[in-house]
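Everything in the sequence shown is counted per this note's numbering, starting at 345 for the first residue and increasing by one.
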Amino acid sequence: MSDKINTVSKTVEIEEDRAADLDQALAVAGVGIYNIKYCLVLALFLIAPIIETVGYSFVLPAAICDLNMTTSQRGFVSSIPYIGIVLTAFPWGYFVDTKGRKWVLIYSSLMSGVLSVVSGFMPDLITFALFKFLTSL
């Protein structure tokens with residue numbers, strides 16, 4: 345049996361007495377264009393919900409005038425996305441475990457995007473709050 349492993353990028357010595365740790369495994373596997381593309385796509389999927397929840401600070405000044413909102417209503421509308429996130433964290437975790445990450449990520453992002461656009465056209469506070477809640481699911 346040979347005591348070397350030949351990979352595409354480098355030759356690694358085999359040590360029989362211990363398993364490879366994470367750093368050695370990453371050194372053997374290397375980082376390629378696939379890894380970079382994968383990280384960039386996932387970054388876009390992570391930026392979208394952050395902008396959705398934090399974006400209220402830019403929308404609320406105009407919504408106060410258009411929807412005649414009081415301070416307490418403004419606070420309630422600001423907290424709605426976080427309520428949705430807290431209520432659905434465990435069900436989404438279950439779906440990820442049973443259906444797979446790719447399926448859940450694609451469909452939840454599509455649903456969130458469509459509902460976010462629709463919520464921008466809501467004429468009153470109740471429907472606006474309802475669609476913002478649905479967006480955060």
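For each residue, glycine too, the CB sits at the ideal point set by N, CA and C. As the structure is a computational prediction, the values presented were derived from the model and not from experiment.
Per DSSP, VAL421 is one residue of the alpha helix (DSSP H) stretching across 415-443. For PRO405, the three-state secondary structure derived from DSSP is helix.
Sequence-distant partners of ALA473 (beyond 5 residues in either direction) whose C-beta falls short of 8 Å from its own C-beta, in its chain, are PHE420, VAL421, ILE424. Restricting attention to alpha helix (DSSP H) runs no shorter than 4 residues, the region 441-481 encloses them at 445-463, 469-480, ordered along the chain. Spanning the alpha carbons of LEU388 and GLY457 requires a straight line of approximately 13 Å. When DSSP states are grouped into helix, strand and coil, ASP365 belongs to the coil group.
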